[in-house]
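*Asks:* Sharing a structure here in structure tokens format.
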Amino acid sequence: MSDRNLDVPGCANLRDLGGCTTRRREVLAHGRLFRGAAPAAPESTTALVARIGLRRVIDLRMDEEVAQAAAPVLPTDCAWVRLPLFYALQPNWPHPVDRSPPATAARYLEMAQAGISTITRVVELLEDVNARPTLIHCVAGRDRTGIVVAFLLDLVDVPDAMIAGDYALSSVMDDAEGRKANPENILILLQLVRERFGSVREMLLSAGASAASMDRLRAALVG
Numbered sequence: 006m007s008d009r010n011l012d013v014p015g016c017a018n019l020r021d022l023g024g025c026t027t028r029r030r031e032v033l034a035h036g037r038l039f040r041g042a043a044p045a046a047p048e049s050t051t052a053l054v055a056r057i058g059l060r061r062v063i064d065l066r067m068d069e070e071v072a073q074a075a076a077p078v079l080p081t082d083c084a085w086v087r088l089p090l091f092y093a094l095q096p097n098w099p100h101p102v103d104r105s106p107p108a109t110a111a112r113y114l115e116m117a118q119a120g121i122s123t124i125t126r127v128v129e130l131l132e133d134v135n136a137r138p139t140l141i142h143c144v145a146g147r148d149r150t151g152i153v154v155a156f157l158l159d160l161v162d163v164p165d166a167m168i169a170g171d172y173a174l175s176s177v178m179d180d181a182e183g184r185k186a187n188p189e190n191i192l193i194l195l196q197l198v199r200e201r202f203g204s205v206r207e208m209l210l211s212a213g214a215s216a217a218s219m220d221r222l223r224a225a226l227v228g
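In this note's numbering, the protein residues as written are 6 to 228.
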């Protein structure tokens, strides 16, 4: 998968998920769903509105992370939706000794289970993403955003290799502490979900998600 990162000042690791193809050879529409790191300055969100027609921001960060950053500047027709994937870090998440793909994928699954209600809510919100272009972000746009986006793409039947390839583009945010966007992290995560729940769809259904909501998500994303 080629580099699809978008160049908007103050918006790192930003890209459009449009262009991803499903197993049925359907193509996700451009200009609807974006992923990225947290905008670096309040004015960056204004630039996003002008550049990509942004109408909604889904912020997965914890409360303390939001408090440490400047509040975004958003036009009245662009909503900022606070949906932390989780509210507290588990001891083995921030500085794990084992950063191998299997261990990272296991941590990702723990995060997904902790944030399953958030993921369900994101699916519901994105039912109208065809009319409300949306950015999903955490801090770096790699881990929490990577989990949520992987689940969304799986729900609309994008192949695992393409999901992992998109995640790997977040290598622009790799750091000295060893946090890396290795595509195996996502491939193994999806495998773990299927081993334990059957599929991402079944995992969300077991948590109270609506099948109709997931079907509407697909209709809104596929152009």
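The beta carbon of each residue, even a glycine, is placed where N, CA and C say it ideally should be.
Shortest alpha-carbon distance to Ala169 belongs to which of Pro106, Pro138, Thr125?
*Replies:* It is Pro106 whose Cα lies nearest to the Cα of Ala169.
*Asks:* Could you check whether the region 34–54 touches the region 69–77, counting it as contact only if at least three pairs of C-beta atoms, one from each stretch, sit closer than 8 Å?
*Replies:* Cβ pair count under 8 Å is three or more, so yes.
*Asks:* Over the uninterrupted alpha helix (DSSP H) stretch that includes Val78, give me the two end residues.
*Replies:* Neither: Val78 is in no alpha helix (DSSP H) and is coded neither H nor E.
*Asks:* Report the rounded CA-to-CA distance for Ala181 versus Phe91, giving the unit in angstroms.
*Replies:* If you take the alpha carbons of Ala181 and Phe91, they lie about 24 Å apart.
*Asks:* Just to check my reading of the structure: Ala52 and Val13 have Cβ atoms closer than 8 Å, yes? What is that Cβ distance to the nearest angstrom?
*Replies:* At roughly 6 Å, the Cβ-Cβ gap stays under 8 Å, so Ala52 and Val13 are in contact.
*Asks:* If contacts are defined as beta-carbon pairs under 8 Å, then Pro101 and Ala110 qualify, I think. What distance do you get, rounded to the angstrom?
*Replies:* Not really, about 12 Å apart at Cβ, beyond 8 Å.
*Asks:* Given Asp21, which residues of its chain have a CB within under 6 Å of its CB, disregarding the five upstream and five downstream residues?
*Replies:* Contacts found: His35, Phe39.
*Asks:* If distances are taken between C-alpha atoms only, which option among Leu195, Ile193, Arg28 comes closest to Val161?
*Replies:* Comparing Cα positions, the closest option is Arg28.
*Asks:* Whose C-alpha, out of Val177, Gly41, Leu222, is nearest the C-alpha of Ala136?
*Replies:* If we check each option's Cα against that of Ala136, Leu222 comes out closest.
*Asks:* Expressed to the nearest angstrom, what Euclidean distance is found between the alpha-carbon atoms of Gly183 and Arg9?
*Replies:* So the alpha carbons of these two residues sit roughly 23 Å apart.
*Asks:* Could you pull the DSSP bridge partners for Asp21 from this structure?
*Replies:* Asp21 pairs with Phe39.
*Asks:* Are at least three pairs of beta-carbons, each pair with one atom in the region 194–211 and one in the region 61–69, less than 8 Å apart?
*Replies:* As far as the Cβ criterion goes, the region 194–211 does not touch the region 61–69, which means the pair count is below three.
*Asks:* Can you tell me which residues form a DSSP beta bridge with Ile63?
*Replies:* Paired residue(s): Val86, Ile141.
*Asks:* What span of residues does the alpha helix (DSSP H) with Asn190 cover, start to end?
*Replies:* Residues 188–202.
*Asks:* Which class does Leu33 belong to by DSSP, given the choice of helix, strand or coil?
*Replies:* Strand.
*Asks:* What's the gap between the Cα of Asp220 and the Cα of Thr125?
*Replies:* When rounded, the distance between both Cα atoms is 13 Å.
*Asks:* Thinking C-alpha only, which one of Pro80, Ala117, Cys83, Thr81 is nearest Leu94?
*Replies:* Among Pro80, Ala117, Cys83, Thr81, the Cα nearest to that of Leu94 is on Ala117.
*Asks:* Got a sec, what are the start and stop residues for the alpha helix (DSSP H) Ser176 sits in?
*Replies:* Careful: Ser176 lies outside any alpha helix (DSSP H) and carries neither H nor E.
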